[in-house]
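**Student:** Residue numbers (my numbering), protein chains in the order written: chain A, 296 to 630; chain B, 7 to 290.
(1) Would you identify the three-state DSSP class for residue 56(B), choosing helix, strand or coil?
(2) Have a look at 153(B), 111(B), 264(B), 242(B) and flag the residue whose alpha-carbon is nearest the alpha-carbon of residue 22(B).
(3) Closer than 8 Å, CB to CB, is residue 193(B) near chain A or not?
(4) Name the chain A residues that come within less than 8 Å of residue 21(B), Cβ to Cβ?
(5) Exposed or buried, residue 353(A), counting other C-beta atoms within 10 Å across all chains shown (16 or more means buried)?
(6) So the beta strand (DSSP E) residue 418(A) belongs to, where does it begin and stop?
(7) Given residue 536(A), which residues of its chain have a CB within under 7 Å of its CB, disregarding the five upstream and five downstream residues?
(8) Pull up the DSSP beta-bridge partners for residue 31(B), would you.
(9) Give me the Cα-Cα distance between residue 570(A) and residue 538(A), rounded to the nearest whole angstrom.
(10) Which class does residue 531(A) belong to by DSSP, given the choice of helix, strand or coil?
(11) So that I know if they touch, is there some Cβ in chain A lying closer than 8 Å to that of residue 276(B)?
(12) If the criterion is Cβ atoms closer than 8 Å, does the pair residue 175(B) and residue 119(B) meet it?
(13) If the cut is a Cβ gap below 7 Å, which residues of chain B does residue 473(A) touch?
(14) List the whole-angstrom C-beta distance separating residue 338(A) from residue 314(A), where the pair is believed to meet the contact cut-off of C-beta under 8 Å.
(15) From residue 552(A) to residue 597(A), what does the alpha carbon distance come to, in whole angstroms?
(16) On the three-pair Cβ rule with 8 Å, is the stretch 141 to 155 of chain B touching the stretch 164 to 174 of chain B?
(17) At a CB-CB cut-off below 9 Å, which residues of chain A make contact with residue 31(B)?
(18) Quick check on residue 431(A): does DSSP put it in helix, strand or coil?
(19) Does the beta carbon of residue 88(B) sit closer than 8 Å to a beta carbon anywhere in chain A?
(20) Tell me residue 282(B)'s beta-bridge partners as DSSP assigns them.
(21) Starting from the N-terminal side, write out each stretch of the alpha helix (DSSP H) that is 4 residues or longer and does not extend beyond the stretch 366 to 391 of chain A.
(22) Suppose contacts are defined by Cβ-Cβ distances below 8 Å. Is residue 319(A) in contact with residue 370(A) by that definition?
(23) Can you grab the Cα-Cα spacing for the pair residue 462(A) / residue 411(A), in whole Å?
(24) Whose CA, out of 568(A), 564(A), 577(A), 325(A), lies closest to the CA of residue 555(A)?
(25) Please state whether DSSP places residue 174(B) in a helix, a strand or coil.
(26) Is there at least one Cβ from chain A nearer than 8 Å to residue 92(B)'s Cβ?
(27) Say whether chain B places a C-beta atom closer than 8 Å to the C-beta of residue 393(A).
(28) Can you tell me whether DSSP reads residue 609(A) as helix, strand or coil?
(29) Could you say which of 349(A), 559(A), 428(A) lies nearest to residue 523(A) if we only look at CA atoms?
(30) Taking residue 103(B) as part of the beta strand (DSSP E), name the residues at either end of that continuous run.
(31) Relative to the C-alpha of residue 343(A), which candidate in 464(A), 451(A), 429(A), 533(A) has its C-alpha closest?
(32) Closer than 6 Å by C-beta to residue 603(A): which residues in its own chain qualify, once you throw out the five before and the five after it? Chain order, please.
(33) Between which two residues does the alpha helix (DSSP H) carrying residue 459(A) extend?
(34) Mind checking residue 189(B): buried by the 16 CB within 10 Å criterion, or exposed?
(35) With 8 Å as the C-beta to C-beta threshold (strictly closer), list the residues of the stretch 401 to 425 of chain A near chain B in chain order.
(36) My output table needs one value for residue 218(B): the three-state DSSP class, helix, strand or coil.
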């Protein structure tokens, strides 16, 4: 009896398959194709960041995964279930951080969290007690002092922390965060990053977030997906992407009072040779790796430049062969 | 634990919380005060007028009609506005994001909108009984009638409010879709003047909708039998009242869930975002 119960629960929180699997996802509004064959997977416990310019389809993608929007075509599985047919029991395993605006203005964070948390009680399992303890959660998101204040009186950053608390009140296996730190000050941002990392480490929560903040993506994400012109055009860690796409780093130095800049394919070897040749004449040495920003700008220029099909092919070829190509070439490809 | 029943229970608690918060809110307090003052001014103005064909004074006949109007108005316009607004401000989306949250949300709305009738009645009944004599002619039986007319009336009109709120494209449009028809119907439903003074076809239209029957039911609860002469066919028509209100309740109970489901399926983060931007953009 007990045995069967346990097996049942394990099957509902199965960790063997990917948390999210998307194949050839397409979305069309009227005659406009917003998503044109998006493909990616997210493994359990991963933090994945979806980057992309405005209008690239980030929010559409995330809303399809959340089950809030019906896709035009393609296969989507979230926690082993198609979100289009996902029932309320599936819903209980996901968390969505929404942007608050004017909702529940008269409520206090404590009353609201207690209320929304209650919905999750029937979905509690021995491995995942649902919901979170409200006091614990309030402390975790740093709303201790505002817990009994009207939501109306909270500052923008405090509201956002309440949004996060509401998103995780049901101890989700998978959490969606759509631009979670928009409008945060640097301090609130750092606290939020710590919270996300804690969730991923301690609570075994898979996290998919979108952001415009590249530092944030680099800091938080195990893996970065770049969505441009309705497709995933890059998939990897920040380092991998920088190596594959933006390629070379930049080396600056001065010799005899004169400034030099170069972008060699292998910066380390270049610097070694530089010293071998000139020795102590070299001063003001500065080696900068291609940053995620370089990568991002390069990619977006290629794909939003109207030649998306060709550019996508280029990237695929590049990723598979790991060839070193430089920024200028890539830019030309985009023209 | 039955998960559906669980969500309904949370929803009922939600309705009670909303009600408590509303009573504490200066905004809602001033709304109640305004309604009470407006009703008292209307009744006091006509305090010495005799109602034709009876020995009754105007306030005696008008008070029950006003109570009927309050149910019709409060529970059509109230939920219609709330639903349209809370769809735009993200409340509905939050409900959608938790398991069986929409069910809880709607249960909460039904409880909150229904129970709000209590303070509404109180602010009209208490000063009325202090200011005017000779209001209730039927004692305990009359109050029992008030109770069943109120409950049946809520069941009949609340779904209309929910349907209008779900269908209205945005909160501003509730004025045109909700307020206006309800105001027109109240005007022709024998609340401010007897129905038989109006043209025949208007009488027919009025008798299709629940507002007229709510007023009639309330009058039958307060007025003596002799006052029935002011009504159509000189009768309280209790059975037709029950029949029409029940019919509306049944139709509402069938249609409202369908419309609600469609409405909640349209709720998404980008819909809320679009509404937010639309609200910020004054000139279009």
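Virtual Cβ for every residue (Gly too), placed ideally from N, Cα, C.
**Tutor:** With the structure as the only source:
(1) strand
(2) The shortest Cα separation from residue 22(B) among 153(B), 111(B), 264(B), 242(B) belongs to 111(B).
(3) no
(4) The contacting residues do not exist; residue 21(B) stays about 11 Å from chain A at best.
(5) buried
(6) Note, residue 418(A): premise wrong, no beta strand (DSSP E); not H, not E.
(7) 519, 529, 587, 590
(8) Per DSSP, none; premise fails for residue 31(B).
(9) 24 Å
(10) Here residue 531(A) sits in strand by DSSP.
(11) Yes, because at least one Cβ of chain A sits closer than 8 Å to the Cβ of residue 276(B).
(12) no
(13) Under the 7 Å cutoff, chain B gives 275.
(14) 6 Å
(15) Rounded to whole angstroms, residue 552(A) and residue 597(A) show a C-alpha spacing of 38 Å.
(16) By the Cβ criterion, the stretch 141 to 155 of chain B is not in contact with the stretch 164 to 174 of chain B, since fewer than three pairs of Cβ atoms, one from each stretch, lie closer than 8 Å.
(17) 401
(18) helix
(19) no
(20) When DSSP reads this structure, residue 282(B) sits in no beta bridge, so it has no partner.
(21) Listed in chain order, the complete alpha helix (DSSP H) runs (minimum 4 residues) inside the stretch 366 to 391 of chain A are 383 to 386.
(22) yes
(23) Going from the Cα of residue 462(A) to the Cα of residue 411(A) covers about 10 Å.
(24) Of 568(A), 564(A), 577(A), 325(A), the residue nearest in Cα terms is 577(A).
(25) It is coil, neither helix nor strand.
(26) yes
(27) yes
(28) Residue placement at residue 609(A) cannot be trusted, given a pLDDT of 43 that sits under 50; what the coordinates show is reported in the next sentence. Here residue 609(A) sits in helix by DSSP.
(29) 349(A)
(30) Careful: residue 103(B) lies outside any beta strand (DSSP E), inside the alpha helix (DSSP H) at 97 to 103.
(31) 533(A)
(32) Only weak support is given to the placement of residue 603(A): the predicted model assigns it a pLDDT of 47, under 50, and the question is left unresolved by the model.
(33) 451 to 463
(34) It is exposed - the Cβ of residue 189(B) has fewer than 16 other Cβ atoms within 10 Å.
(35) 401, 402, 406, 410, 411, 413, 414, 415, 416, 417, 418
(36) Shown here, residue 218(B) sits in a helix according to DSSP, grouped into three states.
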